[in-house]
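Residue numbering for the sequence shown follows the numbering used here, starting at 1 and increasing by one per position. The beta-carbon is built from N, C-alpha and C at its ideal position, and this holds for glycine as well. Here the structure is a predicted model, which means the values were calculated and not measured.
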Amino acid sequence: MNESKVKYLIVGAYAVSLYAQPRATKDLDIFIKPDLANARAAFAALKKFGAPLGNLKPRDLIEPGKFFRMGVAPIMVDIFPEITGLDFDAAWKNREVAAVDGKNGLKANFISEEDLITAKIAVGRSQDLADVDALRTVKTGYKKTAKKRR
């Protein structure tokens with residue numbers, strides 16, 4: 001993704017692990033900027049990686065309400081053009097660039113901790129709210145139970 005200049009953010013459990021404690025997950029969740037130029041860059045990166053694209057077109061990567069999945073549990077990658085509660089451009093400005101492979105100098109774009117909390121509260125599944133609790137515990141030193149916004 002970096003080599004193809006894709007605007008992306010790592011979200012989900014991998015982002016939680018950056019800010020709090022690691023937790024088990026079946027997938028890597030990636031939020032991409034939902035415009036055609038970025039979709040083309042993401043498509044090129046996936047093709048270079050050897051992803052099973054079949055009849056997929058770049059535009060399909062940014063179709064609202066859909067997402068692209070490759071792999072099988074416990075090793076899957078999900079690519080989303082939208083995340084509940086977030087605007088990509090605002091989240092991009094707040095991103096955290098972090099090393100993911102210190103030996104090779106590989107860095108990745110992660111959603112900011114605050115945007116991650118916002119998105120997880122907006123989605124409101126039990127695992128998302130547990131993640132918010134974990135993030136807040138690390139940040140403040142005490143546990144405050146998260147509740148879904150209504």
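Determine whether the Cβ of residue i lies closer than 8 Å to any Cβ atom of chain B.
| i | result |
| --- | --- |
| N55 | Absence of chain B from the displayed structure is noted, only one protein chain being present. |
Which stretch, first to last residue, makes up the alpha helix (DSSP H) that contains residue i?
| i | result |
| --- | --- |
| E114 | 113-123 |
| R69 | That residue, R69, is in no alpha helix (DSSP H); its beta strand (DSSP E) goes 68-72. |
| K93 | 88-93 |
| A155 | Nothing about residue 155 can be reported from this structure: the residues present for the chain run from 1 to 150 only. |
Determine whether the beta carbon atoms of residue i and residue j lie at a separation below 8 Å.
| i | j | result |
| --- | --- | --- |
| R40 | P58 | yes |
| F110 | L9 | yes |
| F88 | K33 | yes |
| V16 | A134 | yes |
| D35 | I62 | yes |
| V138 | Y19 | yes |
| A119 | I83 | yes |
| V132 | I117 | yes |
For residue i, which of the options has the nearest alpha-carbon?
| i | options | result |
| --- | --- | --- |
| N94 | E113, L106, K103 | E113 |
| D27 | S17, G12, Y19 | G12 |
| A42 | K139, T84, T137, V77 | V77 |
| F31 | R136, P64, A130 | P64 |
| F67 | N55, F80, I75 | F80 |
| G85 | A37, D128, R136 | D128 |
| R136 | N2, Q21, M1 | Q21 |
For residue i, which residues does DSSP report across the bridge?
| i | result |
| --- | --- |
| I32 | Y8 |
| K103 | K103 is not bridged to any residue. |
| A98 | A108 |
| D27 | M76 |
Provide the residue span of the beta strand (DSSP E) that contains residue i, from first to last.
| i | result |
| --- | --- |
| M76 | 75-80 |
Check whether the stretch 59-77 and the stretch 14-29 touch, using three or more Cβ-Cβ pairs below 8 Å as the test. As far as the Cβ criterion goes, the stretch 59-77 touches the stretch 14-29, which means the pair count is three or higher.
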